[in-house]
Amino acid sequence: MKKLIAIPIANGRLCAHFGHCEKFWIFATENGKIKSDELITPPPHEPGLLPRFLGEKGVNAIIA
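Here the numbering used here is used: the first residue of the sequence shown is 41, the next is one more, and so on.
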């Protein structure tokens with residue numbers, strides 16, 4: 041099973057405030073193993089935008 045998992049990052053660590061993170065670290069997994077990863081910069085903060093942004097990238101799980 042394939043999954044794209046997003047983790048909000050600030051200062052190189054898990055960000056405590058999902059809506060104000062500097063980057064998202066996206067992991068592509070398959071059958072429980074990491075296949076690839078990338079850092080992406082989110083758009084400027086706007087209420088409700090980040091879930092849609094991540095969904096459009098294909099993310100189907102978030103660790104926050």
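Idealized CB from N, CA, C, for every residue including glycine.
Predicted model only: the values in this text are computed from it and were never measured.
| Check | Outcome |
| --- | --- |
| First and last residue of the beta strand (DSSP E) that includes F58? | Note, F58: premise wrong, no beta strand (DSSP E); not H, not E. |
| Can you have a look at L90 and say buried or exposed, based on whether 16 or more other CB atoms are within 10 angstroms of its CB? | buried |
| Per DSSP, which one or two residues make a beta bridge with M78? | It should be pointed out that residue 78 corresponds to Glu in this sequence rather than to Met. Note: E78 sits in a beta bridge opposite I66. |
| Pick helix, strand or coil for P91, following the three-state DSSP scheme. | helix |
| Could you tell me how far apart the beta carbons of I74 and F64 are, in whole angstroms, since I believe they sit closer than 8 Å? | Contact flag wrong, Cβ pair sits at about 15 Å. |
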